[in-house]
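2 protein chains.
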Amino acid sequence: MNKSVEILCIGNELLIGKTLNTNAQWLAKQVTSLGLTTNRITVVGDNINEISCIIQETVHRSPHFVLITGGLGPTFDDKTLEGIAKALGRNVEVNKDALEMVREKYVTYAAEDRMEEAELTPARVKMAKLPEQATPLPNPVGTAPAVSIQHKNVKIFALPGVPPEMKSIFNTSIAPLMKHAASGVTFFEASINSTNVMESKMAPIIDKVMQNNPHVYIKSHPKGTERLPHIEFHFSTTANDEITARNHVNKALSELTELIQQNGGTIKSPKTKT
Amino acid sequence: MNKSVEILCIGNELLIGKTLNTNAQWLAKQVTSLGLTTNRITVVGDNINEISCIIQETVHRSPHFVLITGGLGPTFDDKTLEGIAKALGRNVEVNKDALEMVREKYVTYAAEDRMEEAELTPARVKMAKLPEQATPLPNPVGTAPAVSIQHKNVKIFALPGVPPEMKSIFNTSIAPLMKHAASGVTFFEASINSTNVMESKMAPIIDKVMQNNPHVYIKSHPKGTERLPHIEFHFSTTANDEITARNHVNKALSELTELIQQNGGTIKSPKTKT
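Just so you know, the protein sequences line up as chains A and B, in that order. All the letters of the first sequence, read from the start, carry residue numbers 1 to 274 under the working numbering. All the letters of the second sequence, read from the start, carry residue numbers 275 to 548 under the working numbering.
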């Protein structure tokens with residue numbers, strides 16, 4: 001059983017459709033390639049009660065990791081840390097290490113002759129107000145520290161919503177931990193594309209190949225229509241080593257390829273990635 | 275209080291980061307522009323228990339509408355209708371109207387001299403197996419009908435995950451209903467972009483403008499970094515008529531523009547959309 005992850009994205013801009021949630025896709029892809037499984041992705045708005053509720057619900061499901069993005073900045077609508085604190089029944093307090101991280105950033109900005117002063121205004125101190133017993137994680141490319149919180153068996157990480165900041169912190173502070181937690185589990189995937197055969201005709205054939213290959217998950221993605229069928233078949237598996245994972249996928253892929261051709265379908269250029 | 279919506283997206287491809295969830299953004303944007311409010315977006319995998327759980331949780335929160343995408347096709351991994359049935363304690367049964375919709379599609383495909391026959395195989399009949407007391411909605415561009423279900427005060431719609439099918443059905447069968455439910459509520463938004471002023475400096479200024487303009491929500495989106503600050507300020511509101519909504523936003527936008535300039539910031543080309 002792979003270690004499980006839930007992703008929570010906070011931000012009204014996602015709920016009004018202003019912003020495409022590329023953060024969730026990027027994180028889900030990293031989690032998968034590190035050998036863990038994302039069970040759920042949830043988006044809620046900039047509202048302390050909504051944030052608190054979703055965190056309580058998520059923690060209750062007891063995933064190994066919770067990755068939260070958005071709502072760590074200096075403005076009134078950045079409410080993630082207050083929401084986490086409320087959910088876990090902790091107070092919010094100025095964290096000395098976090099304050100030092102924030103202070104250093106503004107000293108650097110001032111020293112580099114920007115027009116701003118290094119003064120720790122309330123809006124800046126806000127970014128260092130963490131739930132009790134939280135640990136700040138350095139933000140290599142932005143100002144607001146990320147936050148790590150252990151709650152019972154659940155490890156919660158809160159990351160900024162600005163994509164370069166989110167990615168940098170994930171790669172630096174979280175990916176190594178997850179890789180360790182995955183303890184060697186490897187994910188492998190491959191795809192083939194077919195034309196000239198309808199998805200409804202392929203349905204029982206996919207069932208058969210999956211029965212023969214119980215470790216491999218095969219999912220069909222219709223790209224055209226049933227009338228002008230163009231289907232991507234995506235194969236994925238996890239195993240304790242890469243060779244096993246690759247062999248499992250390749251066997252299923254060969255079997256399905258043959259059956260597609262026997263049923264009058266044409267295989268277009270196969271696409272394989274690790 | 276605007277009518278509320280939740281969006282549920284079903285599909286392993288979203289959880290492994292293979293597919294970017296453009297469906298959720300598109301639906302959220304339509305919902306907003308129709309005058310309703312999306313409270314939450316959730317993604318779960320192709321698993322009956324997961325689907326059933328999230329539907330029970332969602333229905334329990336009693337939104338006016340639930341929009342579900344994905345999992346209506348002919349293959350084994352299309353489990354949305356079974357998941358809905360399980361969540362609501364209903365059986366799944368072949369719906370005569372749905373079967374007729376599916377049958378007509380395959381008759382048309384066969385008549386148009388495609389290589390497929392019109393036979394209603396089990397995989398094709400599967401697309402007409404709906405929860406009891408559900409209503410199929412025609413799919414103008416694909417095969418699987420969409421499904422409408424009334425559960426207590428919650429109106430549930432299940433749509434295919436293939437974007438052109440999802441959009442076509444939404445526009446034809448759901449948007450008119452939602453527009454009616456919104457009963458005249460209008461959403462209006464506008465943005466301005468500033469440079470040369472840090473988000474942390476703007477935080478108390480945004481607070482002040484929002485206090486003066488209680489109907490307008492102002493959200494800052496840092497696009498650069500605190501060091502090379504480039505911020506988008508997004509203004510949004512809903513009102514019972516468009517002129518009021520527009521006036522509310524424009525007043526807040528003018529006030530913030532002036533304060534950004536007083537604080538040394540530069541306004542870049544304003545962007546206004548309806």
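Where is the CB? At the ideal position from N, CA and C, for every residue including glycine.
| Item | Value |
| --- | --- |
| Same chain, Cβ closer than 7 angstroms to residue 22(A), five either side skipped, listed in chain order | 163 |
| Closer than 9 angstroms to chain B by CB, residue 90(A) | no |
| Under 8 angstroms (Cβ pairs) to chain A, residues found in the stretch 402-415 of chain B | 415 |
| Those runs of the beta strand (DSSP E) which lie wholly inside the stretch 326-398 of chain B and span at least 3 residues | 339-343 and 366-368 |
| Contact set between the stretch 197-218 of chain A and chain B, restricted to residues whose Cβ is under 9 angstroms from the partner | 197, 198, 199, 200, 201, 202, 203, 204, 206, 207, 210, 217 and 218 |
| Closer than 9 angstroms to chain A by CB, residue 358(B) | no |
| Test: residue 419(B) CB closer than 9 angstroms to a CB of chain A | no |
| Cross-chain neighbours of residue 554(B) in chain A, by beta carbon under 9 angstroms | A query on residue 554(B) cannot be resolved here, the shown segment of chain B reaching from 275 to 548 and no further. |
| Residue 299(B) and residue 452(B) closer than 9 angstroms at C-beta | no |
| Beta-carbon neighbours of residue 436(B), restricted to chain A and to distances below 7 angstroms | 222 |
| Uninterrupted beta strand (DSSP E) stretches inside the stretch 479-513 of chain B (no shorter than 3 residues) | 491-496 and 504-513 |
| Any C-beta of chain A under 9 angstroms from that of residue 374(B) | no |
| contact_flag[the stretch 63-72 of chain A, the stretch 155-162 of chain A] where n(CB pairs < 8 angstroms) is 3 or more | yes |
| Three-state secondary structure (DSSP) of residue 257(A) | helix |
| Coarse secondary structure for residue 471(B), derived from DSSP in three states | coil |
| Cβ of residue 347(B) within 9 angstroms of any chain A Cβ | yes |
| Proximity winner among 287(B), 475(B), 310(B) and 504(B), relative to residue 317(B) (alpha-carbon distances) | 287(B) |
| Segments assigned alpha helix (DSSP H), at least 4 residues, entirely inside the stretch 112-185 of chain A | 122-126, 163-169 and 175-182 |
| Close Cβ partners of residue 87(A) (< 6 angstroms) along its chain, the five nearest in sequence each way excluded | 52, 55 and 56 |
| Residues in the stretch 323-346 of chain B having any Cβ partner in chain A nearer than 8 angstroms | 324, 328 and 331 |
| Cβ-based burial, residue 275(B) [other Cβ within 10 Å; buried from 16] | exposed |
| DSSP three-state assignment for residue 27(A), whether helix, strand or coil | helix |
| Neighbour flag for residue 45(A) against chain B, beta carbons, 9 angstroms | yes |
| For residue 8(A), the first and last residue of its enclosing beta strand (DSSP E) | 4-10 |
| Neighbour list for residue 524(B) in chain A, Cβ cutoff strictly below 7 angstroms | Going along chain A, no residue has its Cβ under 7 angstroms from residue 524(B), so there is no contact; the nearest lies around 19 angstroms. |
| Inter-residue Cα distance where the pair is residue 168(A) and residue 145(A) | 12 angstroms |
| 9 angstroms Cβ cutoff met for residue 10(A) and residue 38(A) | no |
| Per-residue DSSP class, three states only, for residue 292(B) | coil |
| Close beta carbons around residue 194(A), own chain, < 6 angstroms, minus the five adjacent residues each side | 231, 260, 265 and 267 |
| Extent of the continuous beta strand (DSSP E) to which residue 313(B) belongs | 311-318 |
| Those residues which DSSP pairs with residue 466(B) across a bridge | 507(B) |
| Member of 279(B), 413(B), 368(B) and 519(B) whose CA lies at the smallest distance from the CA of residue 45(A) | 279(B) |
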